Amino acid sequence: MDTDFDIPEPEATEEAVIAHYCLSDDEYGSPIEREAFFDAEEAMTAAVEEAGVGEVDGNEFGGGEVVLYAYGPDAQALFKVMEPTLRSLPFRPAYVVLRQGSSETESRVEL
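Under my numbering, think of the first position of the sequence shown as 25, with each following residue one higher.
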C-alpha cells in the first residue's frame, strides 16, 4: 500500500534577546527616557534587519521598567548586533537575558 503522509518539518528553534532597563519612576519613565529608548529601538531594528539575524519585536513599559524583545535563530548573533546600542542607553540597572535553544537555557548579561 502506497500512502503519502505529510510529515511536518521540525520547527526551527527561535531564540531571544530580552533587555530590561530600570526607569526613573515607578511607572513609565520620563518623556526624555521614552524618546531615547524609542530612538535606540529604531536603530536596533534597522541594524538587526540589515544583518539578517532576526527581528526586534517590541517593548513593554510599566512598573518602573522597560523591556525590549528581539527574536531570531541565534541569540548570540542577535545580541552581538544589538549590544552597542543596548549598552549606550543610560538607564541602570540594566541586564539582558539571552534565551537559547529553549526557555530552559538562559544566560544573563549585565549592562
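Quick reminder that beta carbons are idealized off the backbone N, C-alpha and C, glycines included. This one's a predicted model, so the numbers in the text were calculated from it and none came from an experiment.
Is DSSP giving residue i helix, strand or coil here?
i	result
Glu79	strand
Glu134	strand
Using a threshold of 8 Å, state whether the C-beta atoms of residue i and residue j are closer than that.
i	j	result
Tyr45	Leu113	yes
Ala99	Leu122	yes
Val77	Met68	no
Val120	Ile42	yes
Val72	Asn83	no
Gly125	Glu65	no
Gly88	Glu57	no
Taking the straight line between their C-alpha atoms, what separation do you get for residue i and residue j?
i	j	result
Ala60	Gly96	24 Å
Phe62	Val105	17 Å
Arg116	Leu47	8 Å
Gly86	Ala75	30 Å
Ser131	Tyr93	15 Å
Thr129	Ala118	20 Å
Thr109	Asp49	22 Å
Arg111	Ser54	19 Å
Glu107	Ala70	13 Å
Quickly, what does DSSP pair residue i with across the bridge? List them, please.
i	result
Glu39	Gly96
Problem set entry | 4 or more residues per run - each alpha helix (DSSP H) lying fully within the stretch 49 to 125 | 55 to 75, 99 to 112
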